[in-house]
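Below is one structure, written out as structure tokens; comments come after it.
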Amino acid sequence: ASATFNAAFGNMAGVFISPALILGYLGVHGDVDLASVFLKLGLRVVLPIVVGQLLRNFVGRAEEFVKRHKKHFKKAQEYCLVFIVYTVFCKTFLNGSDGVRVSDVLLTMALVLGLLTFLMGLAWISLKLLFRSEPKLQAMGLFGCTHKTVSMGVSLINAIYERDPMVGLYTLPLLIWHPMQLVLGTAIAPRVAEYVENRENELVQCQQQQEEQQQQREEDNFDENAYSIEVGGTDDNANDAAKR
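Remember, the numbering used here sits 24 above the position in the sequence shown when you count from 1.
Set out below in structure tokens:
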């Protein structure tokens, strides 16, 4: 549930936050019409999501049809994404990219790898401090905090810099980020799964020990009360005997 919410909320929030952040960081306020960008994103991103949710919740046959052909829809989505990326780069090379060097691309790859590694480490440390007793949530956050959706990112960049001849190069960091997520995720997934299993076992053992200690304290309190009652009864009998 946490992973699903993170993906849905992040994608929807990114539609409105990312353009403002990008334009603010790069300082191109005068060259890009922000209202036009939001309109394009609304038509290309928000509208399809809204239509899909309406069909899913109110048209039962549509949902059943999608479930039956889920594999085909997934393949079609991948092909469409590849086609979009291909056309973006075709546009870039058609208009010329003489100022780009191989060293720049390699530097971009190194920077993306370093940034991704740093953010994953920061997310892991933060989640271990905030959610000590929830290892599954820690594992989800490790991958979810740095997750970037290629389809959403390409749509954002293409909408903002649609007329820019270098738009293909602007998508390069995202296209590097996505496969690096897969590579790093595949490499560390077994260790993360092992950590989750070991941590859950430790938590279960700690809980059992706490229950045993609580039970032992209750038994000790019961024995003390019984002893006190017994001693009190013996003293009363002795006092009665002394009075007689």
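C-beta atoms are modelled at their ideal positions from N, C-alpha and C, and glycine is treated no differently.
By the 10 Å Cβ neighbour count, where 16 or more other Cβ atoms means buried, how is PRO214 classified, buried or exposed? exposed
Could you tell me which whole alpha helix (DSSP H) segments of length 4 or greater appear in the segment 142 to 181? 159 to 168
Pairs of beta-carbons, one from the segment 123 to 141 and one from the segment 183 to 198, closer than 8 Å: are there three or more? yes
Taking the alpha-carbon positions, what's the LEU206 to MET164 distance? 14 Å
Here's the rule I'm using: 16 or more other beta-carbon atoms within 10 Å means buried, otherwise exposed. How should THR170 be labelled? buried
With contact counted as at least three CB pairs below 8 Å, one residue from each stretch, are the segment 96 to 114 and the segment 175 to 185 in contact? yes
With LYS115 and VAL191 assumed to form a contact (beta carbons below 8 Å), what rounded beta-carbon distance in angstroms separates them? 7 Å
Endpoints, alpha helix (DSSP H) assigned at LEU71: 71 to 82
Beta-carbon within less than 6 Å of VAL129's beta-carbon, same chain only, minus the 5 sequence neighbours each way: which residues are those? none
Report back the beta-carbon spacing between LEU161 and PHE155 to the nearest angstrom; my notes put them in contact at under 8 Å. 5 Å
Since TRP201 and LEU146 are thought to touch, with beta carbons under 8 Å apart, how far apart are those beta carbons, to the nearest angstrom? Actually they do not touch by this definition, with Cβ atoms about 16 Å apart.
Report buried or exposed for LEU65, applying the criterion of at least 16 other Cβ atoms within 10 angstroms of its Cβ. buried
Quick one, are the C-beta atoms of GLU87 and PRO159 less than 8 Å apart? no
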